[in-house]
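Mapped onto my numbering, the consecutive letters of the sequence shown carry residue numbers 15 to 325.
Virtual Cβ for every residue (Gly too), placed ideally from N, Cα, C.
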Amino acid sequence: MKHQEKPTEENRTQWMEFVLVGFADMPRLQWFLFGLFLIIYIIILVSNGTIFLITKMDSALQSPMYYFLANFSFLEICYVSVTLPRMLMNLATQRRTISLIACAIQMYFVLIFASTECSLLTVMAYDRYVAICNPLHYPLVMNHRVCIQLVSVSWIPGIPIQIGQTCQVFSLNFCGSNQIDHFFCDMPPVFKLACGDTFVNEMLLCIVLVFYGMIPLLLIVGSYTKIISTILKLPSATTRAKAFSTCSSHLTVVVLFFGSAIITYLRPSHSGGASKVLSLFYTILIPMLNPMIYTLRNKDVIMALRKLLCI
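In structure tokens form, the structure reads like this:
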């Protein structure tokens with residue numbers, strides 16, 4: 015929260031562009047970082063694109079679980095494409111400036127994709143809940159129409175909410191330094207550049223974090239509490255192991271994504287170095303790991319991948 019006196023009129027400058035500092039404090043590693051992040055970006059595009067492709071093409075992967083996984087993989091491609099190409103360009107050219115409008119657009123898409131990911135992870139938890147706790151009703155409850163509606167609910171409500179939140183942020187006056195100590199236009203580092211009081215904006219951010227962060231997380235925890243309780247009541251150890259294996263991948267992704275996001279946004283201090291490392295984790299590393307998490311223990315996906323590669 016920020017309560018500083020407004021600068022005098024002659025000292026005030028309304029910036030029309032910012033500088034994304036990124037990793038400028040490591041000048042000797044610029045080309046190494048460019049190569050590393052380029053490889054990561056290619057891995058993310060290829061791995062998530064492959065999962066999206068095989069879940070659409072293979073007849074064995076036409077269940078609701080794989081429909082949600084296809085949407086999740088598409089979302090991950092969109093998510094990283096908002097931040098990584100700009101970061102790669104900054105590393106290659108050393109021109110780190112970004113216009114105010116481009117910064118606002120980037121922030122909006124980061125927010126919309128992040129909020130959609132929270133919602134979609136909740137929907138996937140609900141799918142697992144119905145499949146394990148109400149297996150006889152699963153085909154009826156999770157029909158194709160319901161799946162489309164659940165994905166739509168994950169995407170659509172966040173669009174006007176994040177438009178309003180982004181407009182609120184960029185209605186602030188920015189003066190003094192125009193250097194954003196981050197590799198993309200994230201809200202906390204942008205708040206630091208604002209003149210005057212950002213209390214209202216920070217309260218709106220907290221409300222959105224509760225709506226798109228804490229509530230989905232509580233729903234997921236509630237779903238898995240019921241799921242685990244149901245699994246433990248199953249008579250066969252083999253059946254219990256199989257039921258756990260269908261949930262383990264999703265649960266791992268939930269822990270990684272929500273854990274890193276909560277640490278990032280709920281820390282009392284938003285120091286640049288720590289924020290950048292944590293943001294790298296949930297904006298880049300997790301989208302790279304997700305395809306491996308979902309395929310390593312999934313025999314159906316591995317078989318579909320072998321068919322696609324003719325192995």
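Tell me the DSSP secondary structure of residue i in three-state form.
i, result
"F186", "Note on identity: in this sequence residue 186 is Leu, with Phe being the wrong assignment. In this structure, L186 counts as coil in the three-state DSSP scheme."
"S166", "helix"
"T22", "With a pLDDT of 47 at T22, under the threshold of 50, the modelled position of that residue is not reliable, and no figure is offered here."
"S250", "coil"
Please classify residue i as buried or exposed, where buried requires at least 16 neighbouring CB atoms within 10 angstroms.
i, result
"E23", "Residue placement at E23 cannot be trusted, given a pLDDT of 44 that sits under 50; the coordinates are not used to answer."
"G49", "exposed"
"T253", "exposed"
"V96", "buried"
"L232", "exposed"
"I245", "buried"
"D200", "buried"
"T278", "buried"
"H196", "buried"
"F46", "exposed"
"T239", "exposed"
"K313", "exposed"
"N148", "exposed"
"M378", "Residue 378 falls outside the range modelled here, since the chain spans only 15 to 325, and no answer is possible."
"T212", "buried"
"P230", "buried"
"K290", "buried"
"M15", "Residue placement at M15 is flagged as unreliable, the pLDDT there being 44, under the threshold of 50; the coordinate-derived value follows with that caveat. Answer is exposed; the Cβ neighbour count stays below 16."
"G236", "exposed"
"R109", "exposed"
"S250", "exposed"
"N73", "The amino acid occupying residue 73 in the given sequence is Ser; Asn does not appear at that position. Burial call: exposed."
"S168", "buried"
"V214", "exposed"
"L5", "For residue 5 there is no data in the structure shown, the boundaries of the chain being 15 and 325."
"V6", "Since the first residue shown for the chain is 15 and the last is 325, residue 6 is missing from the structure and cannot be characterised."
"I68", "buried"
"C261", "buried"
"V224", "exposed"
"V60", "exposed"
So residue i is in the alpha helix (DSSP H); what residue range does that whole segment cover?
i, result
"R311", "Counting along the chain, R311 falls outside any alpha helix (DSSP H), and DSSP gives it neither H nor E."
"Q120", "L114 to C147"
"L154", "Y152 to V155"
Taking 8 Å as the cut-off, is the beta-carbon of residue i closer than that to any non-hydrogen atom of the ligand MN?
i, result
"A38", "In terms of ligand content, the structure shown is empty, and the ligand MN therefore cannot be addressed."
Within a Cβ cutoff of 7 Å, which residues of the same chain sit near residue i, ignoring the five residues on either side of it in sequence?
i, result
"L331", "Shown here, the chain extends from 15 to 325; a query on residue 331 therefore has no answer."
"I146", "I241, T244, I245 and A257"
"T136", "P230, L233 and I234"
CB-CB under 6 Å to residue i, same chain, minus the five flanking residues each way: which ones, in chain order?
i, result
"V328", "This structure cannot settle anything about residue 328, because the visible part of the chain is limited to 15 through 325."
"Y122", "Q176 and T180"
"P78", "D141, M156 and C161"
"I58", "V94, P301 and M302"
"S263", "I307 and Y308"
"V35", "Q193 and D195"
"F184", "A118"
Please work out which residues of its chain come closer than 8 Å, Cβ to Cβ, to residue i, disregarding the five sequence neighbours upstream and downstream, and give them in chain order.
i, result
"G172", "L125, I126, S129, T130, S133 and Y226"
"S293", "H196, F197, F198, D200 and T278"
"I65", "L83, A84, S87, P305, Y308, T309 and V315"
"Q120", "V96, T97, R100, I112, F198 and C199"
"S274", "L292, F295, Y296 and I300"
"N62", "S87, F88, E90, I91, P301, N304 and P305"
"Q44", "F37, L105 and Q108"
"V33", "R110, T111, I112, N192, Q193 and I194"
"L322", "T64, L67, I68, M71 and D72"
Under a CB-based cut-off of 9 Å, is residue i close to chain D?
i, result
"I177", "Looking for chain D here will not work: only one protein chain is present."
Ordered list of alpha helix (DSSP H) runs contained in the stretch 168-220, each at least 4 residues
172-183 and 201-205
Within the stretch 25-98, ranges of the beta strand (DSSP E) (whole runs, at least 3 residues):
31-34
Ordered list of alpha helix (DSSP H) runs contained in the stretch 223-307, each at least 4 residues
229-246, 251-280 and 286-294
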